[in-house]
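See below for the structure under consideration.
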Amino acid sequence: MAGAKKQTKRQNAAPRTPKKPKSPARPTLIGSGSTWTQEELDRFKVRVEEVDPKSTIPEKWFDFNSLEPYQRGDMPP
1061 MAGAKKQTKR QNAAPRTPKK PKSPARPTLI GSGSTWTQEE LDRFKVRVEE
1111 VDPKSTIPEK WFDFNSLEPY QRGDMPP
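As structure tokens, this is what we get:
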């Protein structure tokens, strides 16, 4: 019986590994409008419009005439 008391005393006095703190809940991330619910779109006053990529991306990025040298492995002109 004395051994059991000593063991319990040692266990109570022994340093304990701290418990891992709970991370707080992540806030709603603002991301692609296509993944949002209508309620979120309304809350953040997001206007969903169709955008023509050619109006925002420079024309030179749509010129694919010089791809042949790349396909052969040559340096472009």
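Start counting the sequence shown at 1061; every next residue gets the next number (the working numbering). Virtual Cβ for every residue (Gly too), placed ideally from N, Cα, C. As the structure is a computational prediction, the values presented were derived from the model and not from experiment.
- Going by DSSP, N1072 is part of the alpha helix (DSSP H) stretching over A1062 to A1073.
- Judged by DSSP secondary structure, K1114 falls within the alpha helix (DSSP H) whose first and last residues are P1113 to T1116.
- Excluding its 5 nearest sequence neighbours in each direction, A1085 has no C-beta neighbour in its own chain below 6 Å.
- If you draw a straight line from the Cα of R1132 to the Cα of E1110, it comes to about 37 Å.
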